[in-house]
Amino acid sequence: MVRRDEVAPEVLERARRGDERAFTDLVRHYDHRLRALAFRLLGDRAAMDDVLQDAYVKAFRALPAFREEAGLGTWLYRITYRACVDHHRREGRHVSEAAAGADLAARGAGAEPAATAVARADLARALAALPVDQRAAVLLVDAEGLDYDTAADVLGVAAGTVASRLSRARAALRVALSEGESR
Amino acid sequence: MNPERDERLGAALSDLAVPDHGPDFWSRLDERIAAVADPATLAGRAAAGGHATAAGGHATDPGAAPVSLDERRDRRPRRRPSRSGRSLLAAAAAVAVVVGAAGAVTVVRRSDRGSQVNAAGRSPGTTAPAADATAAAPAEFSATYDGIDGSAGPAGPAGCCDRYRLTVARDGSYRWTSSDGGDDMAFDATTSRHVEIVTRGVGASPQHPNAFVATGVPVGGPFQGVTNPDPLSPIRDFVMALARAHDPRITTTTVAGRPAWHYDGPIVQDRLGGDRAPNHAVADVDQASGVLLQLTRRVGDQVVTRFTASAVTIGDQVDRSRYRLTPPPGSKTTPVPIGFVPTTLDEAAAHLPYDLLVPTWVPDGFTLDSVNSVAVNRDQAVPTGPEGVNAPTTPVVNMTWRRGAQTFAVSLRPSEGHPDWNDPLGREGLSLDAQTVRVPLDGRPPLDGQVAVDPPVEPHVWGVTGDLVVTVSGDLPRADLERVAGSLRPHRAG
Numbered sequence: 004m005v006r007r008d009e010v011a012p013e014v015l016e017r018a019r020r021g022d023e024r025a026f027t028d029l030v031r032h033y034d035h036r037l038r039a040l041a042f043r044l045l046g047d048r049a050a051m052d053d054v055l056q057d058a059y060v061k062a063f064r065a066l067p068a069f070r071e072e073a074g075l076g077t078w079l080y081r082i083t084y085r086a087c088v089d090h091h092r093r094e095g096r097h098v099s100e101a102a103a104g105a106d107l108a109a110r111g112a113g114a115e116p117a118a119t120a121v122a123r124a125d126l127a128r129a130l131a132a133l134p135v136d137q138r139a140a141v142l143l144v145d146a147e148g149l150d151y152d153t154a155a156d157v158l159g160v161a162a163g164t165v166a167s168r169l170s171r172a173r174a175a176l177r178v179a180l181s182e183g184e185s186r
Numbered sequence: 006m007n008p009e010r011d012e013r014l015g016a017a018l019s020d021l022a023v024p025d026h027g028p029d030f031w032s033r034l035d036e037r038i039a040a041v042a043d044p045a046t047l048a049g050r051a052a053a054g055g056h057a058t059a060a061g062g063h064a065t066d067p068g069a070a071p072v073s074l075d076e077r078r079d080r081r082p083r084r085r086p087s088r089s090g091r092s093l094l095a096a097a098a099a100v101a102v103v104v105g106a107a108g109a110v111t112v113v114r115r116s117d118r119g120s121q122v123n124a125a126g127r128s129p130g131t132t133a134p135a136a137d138a139t140a141a142a143p144a145e146f147s148a149t150y151d152g153i154d155g156s157a158g159p160a161g162p163a164g165c166c167d168r169y170r171l172t173v174a175r176d177g178s179y180r181w182t183s184s185d186g187g188d189d190m191a192f193d194a195t196t197s198r199h200v201e202i203v204t205r206g207v208g209a210s211p212q213h214p215n216a217f218v219a220t221g222v223p224v225g226g227p228f229q230g231v232t233n234p235d236p237l238s239p240i241r242d243f244v245m246a247l248a249r250a251h252d253p254r255i256t257t258t259t260v261a262g263r264p265a266w267h268y269d270g271p272i273v274q275d276r277l278g279g280d281r282a283p284n285h286a287v288a289d290v291d292q293a294s295g296v297l298l299q300l301t302r303r304v305g306d307q308v309v310t311r312f313t314a315s316a317v318t319i320g321d322q323v324d325r326s327r328y329r330l331t332p333p334p335g336s337k338t339t340p341v342p343i344g345f346v347p348t349t350l351d352e353a354a355a356h357l358p359y360d361l362l363v364p365t366w367v368p369d370g371f372t373l374d375s376v377n378s379v380a381v382n383r384d385q386a387v388p389t390g391p392e393g394v395n396a397p398t399t400p401v402v403n404m405t406w407r408r409g410a411q412t413f414a415v416s417l418r419p420s421e422g423h424p425d426w427n428d429p430l431g432r433e434g435l436s437l438d439a440q441t442v443r444v445p446l447d448g449r450p451p452l453d454g455q456v457a458v459d460p461p462v463e464p465h466v467w468g469v470t471g472d473l474v475v476t477v478s479g480d481l482p483r484a485d486l487e488r489v490a491g492s493l494r495p496h497r498a499g
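Chains as they are written, first to last, in this note's numbering: chain A, 4 to 186; chain B, 6 to 499.
Written out as C-alpha cells, the structure reads:
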C-alpha cells in the first residue's frame, strides 16, 4: 500500500498468531476500502458481503504465511480482488448484471443538486460497463491511489498492463464524467 | 499525492456510494473465524508459512525450546536478502506447500514399486530421446558453485561473493555447504530429515549457530518450510520438461565439461520484486543429473543473480554419512515438523477417507519412488496457493515417480467442498501463463483446473475432481502431465 496508515505492528502480530479479535480489528481497518473495491467490482451488496466473508476467512487462514513482501493492505486487496474474480467466474456474471448495482452506487450521501446525482449515475453506469480488469485498474489507481507497481501486485499483472487497462478505462469514464458535469 | 493518479476522476469515483455490510456480516464472520481458529488448526497454519512453531509440533531435539514465530523468522538468515533472491527460495517453499502437512507412518514396499512398473508397462509411454540421457543418473554428483547476487546495488554484481559445494545423490539427498563455513545444509532422503545450520542471522554466531531440523520431509521434495539449494530450484524442471518434449527453445551446451540443456529466455517476473525482479533467465541443466550447472537471472541487461558450477565430480558410490548433519553443541535448534511419513499404496488406500488416485500411465521408465502419506491429523494442515488462500485440508498424499534424474509428483488432498480453489502451486507475486483444462477421468467427475508450463516454477497441472484436489507436477511436458492426470484411477489394496 502506498498511502494511508497501516495497522499497528502488534495488532498484526497478534492476528498472525491467531488472535481472532486482533484479526477482526485488522480487517475492520481496511474494510471500507475493500468493501468499495468489492462492491464496485460486483455491483451487488449481497455478493459483496459473500465475497468479503470468504476473502476475510481466507486471509485469516493465510495470515501466518503472509511474507510481508507486499504491504498488508496490498495483500488484502489481492485476496479480495481474486475472490471477486472467482465470484464472477463462478456466477458467470455479465457486465449488464453488474450494471444493476450502478444505481445503488450512484446514490449520494444525502441531499444534493440533481445535476450532481445525474453525473454520479452516469459515472457509476460507465464504471459498471467496463470489463472487470479495467474496472479494477481504475479503482485501484484512481480511486484508491495505488501506484502502478502496487496495483500490478494486486492484479497479478505487469505494471505496463495496468497502464494499458487504465488508459482504456479512463477514456470511457472521462467521457461519462464530462457529459454528466456538462448537463 | 500519486502522480500516476487521475485526481479528478479518482475523486469522482471515491464519491460513489458504498453500501454498508448487512446487519449480520460481522457476527457471521466471527463465527466463521472461530470455526477455523482452534489451536490445532493454528499450529498447522503457522507451519505453512515457513514460520514454524513448536506448538503442536513434534520436536526432534528433546532439548529444543519452543520458539515463537518471530524468533523463528529472525533466526533464519536471508542467504539472499533481495526479493529476487528470495523468489528462488520461495519457489521451492511454495511448491512445497502443496504437499506440506503432518503425518504419521512409513515404509516403502518394493511390491508397490513393482506393481507400478507393471502398470506402466501395460501402457508404455513414449519417451523422447532427449530424456534418455537422464535415465542413467550418477549415484552422486558434486560441484563447486561460485555465486553472485546483484541486489547489492544498481550497478550490478561485482566479482564473486559466495562459494558453495553441492553434492546430490540419486535418491534426492543433498548437501550444500558454503566455503566460509557460514551455511551448511543436508537432506537425507532415507530418513526424511533436513538440517540447516547457519552462523549468520539474528542471534547466530559460529559458536552458537542457529539450526533448523525439519522432519517428515517428503522424499524427492518439494517441501515447505525448508530451504533448497539454488542449483536445485524448480526452473530446472521447466528446462528438463522442454528438453523432453524436444522444444526448440532448448539447445545443448557444455558447462564444466558436462553436457547440458540450455535455456535462454523469459521467466515470469515476480511482481513482489517490482520492476527490478528478474524477467529473463539463462539456465544450463546437467543432462545426467538434472542439476543446474549455471543460472543467470537478469532484468534487462542487469544481472540479478548468477551462479556457475566448476570442479564437477561424479561418484558411483553414495556416501550416506555426507547427508546426515547434526547440529553442533551450542546450537539453538528449531524443530520444523513437516509431518510426512513414507507409507505404501496399499496402506494409504486402506486408511485414507477418499480414493487414492494413482496414475495407470506414466512415461516410460518412471517408477514409483515413494508414497508420503499423511495420517488424519488436522493439527498440521497447511493452506496452499497464492497467499496461502486455499483452505488447509488433510490428509494429504504425495507420491513421487522417478526416472534417473527426472521426477514428477502426484498430490491429493480433500477439497472439502470449498468452491474457490486456486492453483495449489501458485506463488505469491507470480502470474503464471496457465491454461484451463478439463481432464476426463474414468468413473469420476472430470478434473477441472489448469495447466502451467511457465518458468520459473515447475510444470504442473492441477484441478478438482469431486471431493479431491489433485496436482501433477515435475519435469514433464504438458502432454505427459495431462496424460498422467487423465490416467488416475483408484488404487485397490492388494
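Idealized CB from N, CA, C, for every residue including glycine.
Start and end of the alpha helix (DSSP H) containing residue i?
| i | result |
| --- | --- |
| A/PRO12 | 12-19 |
| B/TRP31 | 30-41 |
Out of the options, which has the shortest C-alpha to C-alpha gap to residue i?
| i | options | result |
| --- | --- | --- |
| B/ALA439 | B/PRO334, B/ASP453 and B/LEU21 | B/ASP453 |
| B/ALA246 | B/ARG170, B/ARG443, B/THR412 and B/ARG33 | B/THR412 |
| B/HIS26 | A/ASP22, A/ALA18, A/ARG31 and A/ARG19 | A/ARG31 |
| B/ASP252 | B/VAL41, B/TRP406 and B/VAL458 | B/VAL458 |
| B/LEU446 | B/TYR179, B/VAL475 and B/GLN212 | B/VAL475 |
| A/LYS61 | B/LEU486, B/THR399 and B/ASP425 | B/ASP425 |
| A/GLN56 | A/PHE69, A/VAL157 and A/HIS90 | A/HIS90 |
| B/ARG488 | B/VAL442, B/PRO358, B/THR232 and B/TRP366 | B/TRP366 |
| B/ALA40 | A/PRO67, A/GLU23 and A/THR83 | A/GLU23 |
| B/LEU493 | B/VAL401, B/ASP360, B/ILE319 and B/VAL200 | B/ASP360 |
| B/SER420 | B/LEU350, B/PRO358, B/HIS465 and B/VAL308 | B/PRO358 |
Please confirm whether residue i has its beta-carbon closer than 8 Å to some beta-carbon of chain B.
| i | result |
| --- | --- |
| A/VAL144 | yes |
| A/ALA1 | This structure cannot settle anything about residue 1 of chain A, because the visible part of chain A is limited to 4 through 186. |
| A/GLN137 | no |
| A/ASP156 | yes |
| A/TYR59 | yes |
| A/LEU180 | yes |
| A/ASP125 | no |
| A/ALA65 | yes |
Looking at the C-beta of residue i, does it have a partner C-beta in chain A at a distance below 8 Å?
| i | result |
| --- | --- |
| B/HIS26 | yes |
| B/PRO397 | yes |
| B/LEU14 | yes |
| B/GLY468 | no |
| B/PHE30 | yes |
| B/VAL458 | no |
| B/LEU74 | Summary for B/LEU74: the model assigns pLDDT 31, below 50, so the residue's position carries little reliability, and this model does not support an answer. |
| B/ASP438 | no |
| B/SER294 | no |
| B/GLN455 | no |
| B/GLN274 | yes |
| B/GLU9 | yes |
| B/LEU18 | yes |
| B/ARG281 | no |
| B/VAL394 | yes |
| B/ALA490 | no |
| B/ILE38 | yes |
On the DSSP letters alone, give me the boundaries of the beta strand (DSSP E) that residue i sits inside.
| i | result |
| --- | --- |
| B/GLU201 | 198-203 |
| B/GLY270 | 263-271 |
| B/TYR179 | 179-183 |
| B/ASP193 | 188-193 |
| B/HIS285 | 285-291 |
| B/VAL173 | 167-174 |
| A/VAL157 | Where A/VAL157 is concerned, there is no enclosing beta strand (DSSP E), although the alpha helix (DSSP H) it sits in stretches over 151-158. |
| B/GLY479 | 473-479 |
Would the beta-carbon of residue i be found less than 7 Å away from any heavy atom of the ligand HEM?
| i | result |
| --- | --- |
| B/GLN274 | In terms of ligand content, the structure shown is empty, and the ligand HEM therefore cannot be addressed. |
Any beta-carbon of chain E closer than 8 Å to the one on residue i?
| i | result |
| --- | --- |
| A/GLY159 | The structure shown contains no chain E; the protein chains it does contain are A and B. |
At least three beta-carbon pairs within less than 8 Å, the segment 188-199 of chain B to the segment 237-256 of chain B: Counting Cβ pairs under 8 Å, fewer than three are found: no touch.
The segment 126-140 of chain A touching the segment 155-168 of chain A, judged by at least three CB pairs closer than 8 Å: With contact defined as three or more Cβ pairs closer than 8 Å, the segment 126-140 of chain A and the segment 155-168 of chain A are in contact.
Cβ contact check for the segment 320-328 of chain B and the segment 296-310 of chain B: 3 or more pairs under 8 Å: No: fewer than three Cβ pairs fall under 8 Å.
Beta strand (DSSP E) runs contained entirely in the segment 293-344 of chain B, provided each spans 3 or more residues: Counting only runs of 3 or more residues that sit fully inside the segment 293-344 of chain B, the beta strand (DSSP E) segments are 297-304, 307-320 and 337-342, in chain order.
Three or more C-beta pairs below 8 Å linking the segment 404-411 of chain B and the segment 71-87 of chain A: Pairwise C-beta distances place the segment 404-411 of chain B out of contact with the segment 71-87 of chain A, as fewer than three of them are shorter than 8 Å.
Touching by the beta-carbon criterion (3+ pairs, under 8 Å), the segment 202-218 of chain B and the segment 274-291 of chain B: Contact between the segment 202-218 of chain B and the segment 274-291 of chain B is absent, because fewer than three Cβ pairs lie under 8 Å.
Segment contact, 8 Å Cβ cut-off, at least three pairs: the segment 143-157 of chain A with the segment 251-265 of chain B: No, the segment 143-157 of chain A is not in contact with the segment 251-265 of chain B.
4 or more residues per run - each alpha helix (DSSP H) lying fully within the segment 23-81 of chain A: List check, alpha helix (DSSP H) in window: 23-45 and 48-65.
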